[in-house]
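For reference, the structure is listed below as structure tokens.
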């Protein structure tokens with residue numbers, strides 16, 4: 016019996032820990048820079064892999080991330096599992112009913128957004144394979160098919176996240192984008208499955224014709240019978256097994272078995288988990304809590320391991336070709352925008368909206384990366400094109416959100432936490448009158464800034480005397496708009512004796528926010544006030560806040576209890 | 016570069032799916048029989064492994080669960096990861112403050128509950144190693160040390176679950192049991208770590224003296240500095256990183272790195288994850304949601320894979336020795352009860368309570384199984400003793416809950432769902448008056464039973480006329496106690512027009528429960544009524560219930576929204 020040695024286990028755990036930790040840290044930095052976290056996660060792998068760490072200290076890099084032996088088998092197995100489970104979550108995001116609801120518009124844009132990139136892709140791939148980075152020995156047709164698919168697929172999970180961030184997920188335009196992306200994804204993956212089976216390695220799987228037939232039957236079955244079956248099975252499982260173990264076990268078991276099936280058929284395991292995810296996620300009986308347990312553990316633990324693993328696999332510096340990368344990015348963007356604009360014109364969308372749809376569908380994110388990795392593993396493309404595809408997927412995703420925001424002129428909502436200044440926290444206010452509290456908080460804020468203490472306190476107090484800002488729930492929000500202020504400033508203080516802010520419910524005020532906003536920006540003040548009111552809607556939350564002792568503890572509390580916002584929930588049931 | 020073949024991936028996914036699925040199904044059956052689910056999970060492995068499946072169809076069993084090659088490496092790696100993560104969760108259950116709070120009592124019982132089994136164990140292990148199943152070549156001293164540890168460790172996670180099920184987790188006695196078990200576990204594992212390092216394989220780890228020293232330093236550091244550091248780091252992480260990705264990433268990264276460290280030191284990775292779990296779980300800043308995401312995914316996905324994997328590893332039939340098993344069970348139980356009774360007497364506990372503590376600490380559960388598996392892998396014990404130890408761990412866990420319940424004379428609480436009869440669901444009541452509804456529901460219940468329709472309806476109506484059972488929230492709970500009824504019966508019906516039950520808030524009643532209980536049992540009726548009121552405390556829940564169309568959907572809804580019960584939450588913070 017083969018046994019893992021203690022060295023194998025040490026390496027395995029250490030490598031996983033280092034990858035996960037750095038993926039998280041760099042992912043967080045990416046988010047700070049308003050970029051998708053997947054960018055940071057891939058960077059973590061590039062840094063720890065052959066590109067940087069391996070370039071500086073190849074021996075130590077090899078010691079921690081061996082390129083051979085049991086570690087490699089373990090790591091490949093785990094990342095294969097990770098990506099299959101990530102596709103389960105991606106499938107759960109797919110909402111078939113959105114497609115039906117948007118009917119004609121989604122159908123047209125989904126079709127043109129797929130057909131245009133695919134046709135142009137197949138043409139270019141066939142005519143100029145070497146310019147596009149095909150390997151010398153590759154079959155022209157197979158390469159053209161791959162390139163066409165790579166140009167066509169959008170990244171539904173990324174698209175959905177961008178739309179949610181911009182709060183237009185539930186708008187008509189958002190639904191059109193999501194529906195079109197869903198169609199793109201579904202058809203694109205099916206086409207790719209067929210390609211994989213066409214080039215099926217000899218001796219594996221049940222033969223090309225059989226593979227195609229089984230794939231189509233399985234797909235149709237999962238999309239029609241699947242949801243129907245789930246709607247009957249999930250209530251039964253929830254009614255008769257332990258909660259939430261039963262439903263979690265069912266979800267993972269089903270995904271694994273479907274993955275094993277599609278892998279056996281001759282396509283990849285991810286198709287099985289993806290289709291199972293669609294059927295599972297479609298059920299209105301699946302509880303939000305189950306979704307989020309599966310989603311969080313997989314998205315935050317498994318997916319980063321997979322993406323960091325990509326950087327570990329390939330030397331990004333050695334295989335980087337600026338020309339090829341630019342070509343790929345430009346072609347990908349042009350064909351996707353072209354297809355969407357054509358579709359938008361056909362169904363009478365305003366030109367501005369068509370552009371937004373185009374940039375929405377242009378986000379390639381994780382999907383194109385996974386596609387390219389499969390093609391790389393199958394020997395269909397070389398590392399040079401792989402690197403270009405990964406960069407293309409990242410760049411198109413980076414641009415997508417910003418472009419939609421600019422085109423539709425959307426301002427992102429203000430959270431008060433973003434403006435809470437680092438010295439704007441006072442856990443024990445000394446003042447016992449509203450005027451005193453305001454002066455104390457203004458004093459705190461003006462430390463180290465150019466604020467004119469007296470003038471600001473006067474402005475806030477004048478506003479306060481017009482109408483008290485004491486809300487219910489022991490909360491008060493004195494505020495003022497100031498000429499010359501560049502960006503909003505917020506301070507918070509706790510009174511442990513209570514101050515009479517003439518509150519609505521008559522109780523003395525304990526939690527006092529001072530809010531200063533630039534004179535021009537009317538909306539910001541209202542947004543910040545609304546955000547504070549929502550955050551401290553429950554008196555329980557006020558109680559917890561009063562118990563925090565530092566700005567960090569206070570921020571930690573607020574950030575882990577984000578108020579519910581109707582737009583952030585799922586589109587259906 | 017080594018690559019996993021499609022066959023490897025197919026086998027890997029299929030095997031994981033089958034194991035997880037059958038572990039879940041058999042785990043559920045175990046729960047139905049009021050046994051811990053780990054029993055079913057191990058059974059799943061025994062059925063799919065060499066014992067049963069392999070006995071019937073060895074070729075097919077080998078095909079699905081190969082005994083060699085990449086699959087075995089993958090499976091070993093994944094189960095090692097699974098058990099290390101399971102120990103992370105087990106560590107998070109440890110609450111050091113309970114130990115401090117129970118101070119003297121916990122200290123005394125924890126000590127005697129450890130010292131007595133350990134001394135007797137070491138004596139027996141040294142004097143009669145072959146009777147106790149030591150391998151012929153094994154060192155007498157090392158074996159005696161292992162046997163002593165195996166007799167001493169309790170299974171804190173199982174103990175905690177049993178006490179929670181019995182709703183005495185928060186009682187003084189519950190706290191004493193938990194505190195003593197925590198002490199047992201902590202010291203027992205440290206001793207075992209020392210044993211492992213003593214027998215450390217040549218050439219691995221930094222040498223025995225160094226191993227012991229590093230182990231002790233790490234343990235002391237994690238138990239003292241650890242919680243202090245966590246209390247500073249967790250708020251910072253929650254305040255400055257994405258939620259919940261940041262904290263989840265931190266928890267898993269930390270566990271993996273600590274696991275790699277202890278594995279490198281020469282003991283096992285599980286010690287590192289366990290100690291990290293204790294430090295992490297101790298922090299009051301860790302949110303309940305984070306705990307449950309980690310706990311659920313690991314307990315319901317990773318842990319079952321590990322336990323099912325045990326059955327896959329060993330042929331339980333071939334290595335089963337009834338004499339050895341009986342010996343092990345009897346010795347384990349006697350020494351643990353003896354130690355607890357002695358401790359109980361020393362600190363003046365009532366004899367009944369001492370017995371309850373003894374049976375509580377006697378539950379060995381997962382811990383003894385993990386310990387034995389490590390000993391088996393290390394070549395310290397053979398498969399015969401391993402099988403006996405696994406059975407001992409299961410039997411002592413099975414007896415623990417029932418014994419405590421009998422000794423303390425605890426009745427388990429009644430949930431109305433347990434008595435909802437299979438034909439007691441009516442989604443459209445035809446009646447429009449209270450009396451009509453009662454008659455209709457009685458009619459439904461009496462179908463196929465010996466209930467006297469007229470007499471029962473009369474009894475319920477008489478009770479109803481005394482004082483209306485219409486509650487607020489569109490709920491009514493007509494009920495009666497009946498002579499001759501053996502066990503409670505509940506029926507539920509929805510009125511879509513609303514019925515005037517003279518409800519407290521004046522709204523017409525839509526959701527009507529009929530509750531019949533045996534005349535003698537006063538408590539049951541009150542418990543069922545209370546349970547219904549708690550379950551439908553929020554009007555939202557009533558709305559959702561009214562939308563269900565079958566008994567299965569209704570049960571599914573109620574079971575996935577268990578009402579909060581103060582006793583089921585964590586002991587602290």
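Residue numbers (the numbering used here), protein chains in the order written: chain A, 16 to 588; chain R, 16 to 588.
Every residue gets a Cβ at the ideal spot worked out from N, C-alpha and C, and that includes glycine.
The structure presented is a predicted model; accordingly, all values stated were derived computationally and were not measured.
- Closer than 8 Å to the CB of residue 568 (chain A) there is at least one CB belonging to chain R.
- DSSP places residue 438 (chain R) in the strand class (E or B) of the three-state scheme.
- At the C-beta level, residue 567 (chain R) and residue 258 (chain A) stay beyond 8 Å of one another.
- Annotation for residue 293 (chain A): 106 and 109 place their beta carbon closer than 6 Å to its own, counting only its chain and skipping 5 residues before and after.
- If the five residues before and after residue 289 (chain A) are omitted, its C-beta is found closer than 8 Å to the C-beta atoms of 102, 103, 105, 106 and 204, all from its own chain and listed in chain order.
- Here residue 508 (chain R) is buried: its Cβ has 16 or more other Cβ atoms, across all protein chains shown, within 10 Å.
- Within the stretch 300-319 of chain R, 300, 302, 304, 305, 307, 308, 309, 311, 312, 313, 314, 315, 316 and 319 place their CB atoms closer than 9 Å to a CB of chain A, listed in sequence order.
- Cβ contact annotation for residue 532 (chain A) (same chain, cutoff 6 Å, sequence separation greater than five): 496, 503, 539 and 540, in chain order.
- Apart from the 5 residues on each side of it in sequence, residue 159 (chain A) sits with its Cβ closer than 6 Å to the Cβ of 137, 140 and 141 in its chain, given in chain order.
- Contact check for residue 24 (chain R) against residue 278 (chain A) passes: the beta carbons are separated by less than 8 Å.
- If you check each beta-carbon in the stretch 368-396 of chain A against every beta-carbon of chain R, the ones closer than 9 Å belong to 392.
- Taking a Cβ-Cβ threshold of 7 Å, none of the residues of chain R is close to residue 230 (chain A); the smallest such distance is about 14 Å.
- The secondary-structure analysis by DSSP pairs residue 28 (chain A) with nothing; it has no beta-bridge partner.
- Taking each of A:96, A:190 and A:551 in turn and checking the Cα distance to residue 272 (chain A), the smallest one comes out for A:96.
- With 16 or more other Cβ atoms inside 10 Å of its own Cβ, residue 550 (chain R) counts as buried.
- Per DSSP, reduced to three states, the secondary structure at residue 528 (chain A) is strand.
- Per DSSP, the beta bridge partners of residue 149 (chain R) are R:396.
- Beyond the five residues adjoining it in sequence on each side, residue 367 (chain A) comes within less than 8 Å, by CB distance, of 422 and 423 in the same chain, given in chain order.
- Neighbourhood of residue 250 (chain A) in chain R, by CB distance below 7 Å: 567, 568 and 571, in chain order.
- Within the stretch 514-559 of chain R, the beta strand (DSSP E) runs of at least 3 residues that lie entirely inside it are, in chain order, 524-533.
- Put simply, the stretch 295-315 of chain R does not touch the stretch 325-335 of chain R. Fewer than three CB pairs are less than 8 Å apart.
- DSSP places residue 318 (chain A) inside the alpha helix (DSSP H), whose first and last residues are 318-328.
- Put simply, of A:396, A:377 and A:445 the residue whose alpha carbon is nearest the alpha carbon of residue 513 (chain A) is A:445.
- The alpha-carbon separation between residue 197 (chain A) and residue 149 (chain A) amounts to approximately 28 Å.
- Shown here for residue 390 (chain R): same chain residues with a beta carbon closer than 6 Å to its own, the five before and five after excluded, namely 161 and 396 in chain order.
- The C-alpha of residue 461 (chain R) lies about 10 Å from the C-alpha of residue 436 (chain R).
- The Cβ neighbour count for residue 85 (chain A), taken over all protein chains shown within 10 Å, is at least 16; the residue is labelled buried.
- Annotation for residue 496 (chain R): the continuous beta strand (DSSP E) segment containing it runs 494-497.
- Within the model, the alpha-carbon separation for residue 553 (chain A) versus residue 547 (chain A) is close to 11 Å.
- In the displayed model, residue 508 (chain R) falls within a strand according to three-state DSSP.
- Residue 72 (chain A) counts as exposed, since fewer than 16 other C-beta atoms from the protein chains shown sit within 10 angstroms of its C-beta.
- Residue state for residue 301 (chain R) is assigned as coil, using DSSP reduced to three classes.
- Counting along the chain, the unbroken alpha helix (DSSP H) around residue 571 (chain A) starts and ends at 566-574.
- Taking a beta-carbon distance threshold of 8 Å, residue 260 (chain A) counts as an interface residue toward chain R.
- Any Cβ of chain A closer than 8 Å to the Cβ of residue 98 (chain R) would place that residue at the interface, and such an atom is absent.
- Leaving aside the five residues that flank residue 167 (chain A) on each side, the residues in its chain whose CB is nearer than 6 Å to its CB run, in chain order, 129, 132, 133 and 203.
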